[in-house]
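Reviewing the structure listed below.
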Amino acid sequence: MDTSSRLTALTRIGFATRGVLYIVVALLIVRTGRAEDPSGAIAYLGQGGGQLLLGVIAIGLTAYGIWRLADAALDVERHGADRHGAMERIGAGVSGAIHLLLAWQAVQLMRGAASSGDGTQEGARTALQLPGGWALVLLGAAVLAVLGTVQLVKAAKGTFLRYLDGSVARRAWVRWSGRAGYAARGLVFLISSYLLARAGLEERASEAGGMARALSWLTSPFDLIVGVGLLAFGLFSLVEARHRRLHDVPIEGALRRATRWR
């Protein structure tokens, strides 16, 4: 098995890891009312699963993050050169960076470091300390709004099914778990965008927040409805781990080209 094939195999572990994290987030909000994000889910699993589980999480999320960044840079998933394809690649790049940060958190927890706080809020606080930082925060809010809209469009059109094996994509429960999951994620992104925009306009970083803050912002029963949607997304991610058609990242070719240009 070459390097590209190994990365693809590990990426499947990454899809499964993403699924488990979303399932944990969903179960915490649905069963206990505790609002968390994937970062909080990693810390929660680390408390009971120990070093081995954190190591698997770190490996899976690292491979997934690299694969997403490669997709953004090389169009591995063949999104195309139109506006829709460009948006997909931008989303892949953002997703890759976020999942590499989550992998780093898992490594830090393995080393005994305390879990960090809300990354969105910390980013807003850092930006607001810069001249014109409010504009950067508003730009971040706009990006989140676009990403949220893309998730909702995926839910409505079912375009996510084109990446699955045909026989699996035709199953109703797979289709509807994906629709519910992407709709829930889209709503969370839009709420986070609103919170971030308010933080920028009021120049108060405490107003910003990611998934955990968005879930806690929702009142009952809407938090439970979104929680069920996130549970569906976790289950759909497990389906992707097994049945998504993944194109290998041309690592060897990229290395050869880089060497040739030296």
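Each number in our numbering comes from the position in the sequence shown (counting from 1) with 759 added on. Note that the Cβ used here is the ideal one computed from N, Cα and C, for glycine as well. Because the structure is a prediction, the values reported are computed rather than measured.
Cβ atoms of I816 and T770: under 8 Å apart, would you say?
no
Margin query: Quick check: the region 958-976 against the region 877-894, are at least 3 beta-carbon pairs closer than 8 Å?
Written below: yes
| request: Under the assumption that W893 contacts E962 (Cβ atoms under 8 Å), give the Cβ distance between them as a whole number of angstroms. | output: In this structure W893 is in contact with E962, their Cβ atoms being roughly 5 Å apart against a cut-off of 8 Å.
- Roughly how many angstroms separate the alpha carbons of A967 and A802, rounded to a whole number? 21 Å
Is the beta carbon of R827 less than 8 Å from the beta carbon of A845? no
Exercise. What three-state label does DSSP hand L715 in the structure shown?
Worked result: Shown here, the chain extends from 760 to 1021; a query on residue 715 therefore has no answer.
Start-end ranges of the alpha helix (DSSP H) lying completely within the region 766-845, minimum 4 residues: If we require 4 residues or more, the alpha helix (DSSP H) runs fully inside the region 766-845 come out as 797-833.
> Looking only at DSSP bridge pairs, what is I923 linked to?
Replying inline: Checking the displayed sequence, the identity of residue 923 turns out to be Leu instead of Ile. Beta-bridge pairing links L923 to R1003.
**Request:** Count the other CB atoms, across all protein chains shown, that sit within 10 Å of the CB of T885; report buried if there are 16 or more and exposed otherwise.
**Result:** T885 should be labelled exposed.
Q) Looking at C-alpha atoms only, which residue of V789, L780 and R921 is the closest neighbour of A862? A) L780
Can the beta-carbon of T804 be found closer than 8 Å to that of V783? Before going on, a small fix: residue 804 reads as Leu here, not Thr. Yes, the Cβ-Cβ distance between L804 and V783 is below 8 Å.
In this structure, does DSSP put E962 in helix, strand or coil? coil
Where S979 sits in the DSSP three-state scheme
coil
Fill in: Opening and closing residue of the alpha helix (DSSP H) in which Q880 lies
Q880 -> alpha helix (DSSP H) spans G878 to L887.
**Asked** DSSP state of R848, grouped into three classes?
**Response** helix
>> Helix, strand or coil for V1008? Go by DSSP, reduced to three states.
In response: coil
Whose C-alpha, out of L811, F992 and L949, is nearest the C-alpha of M869? L811
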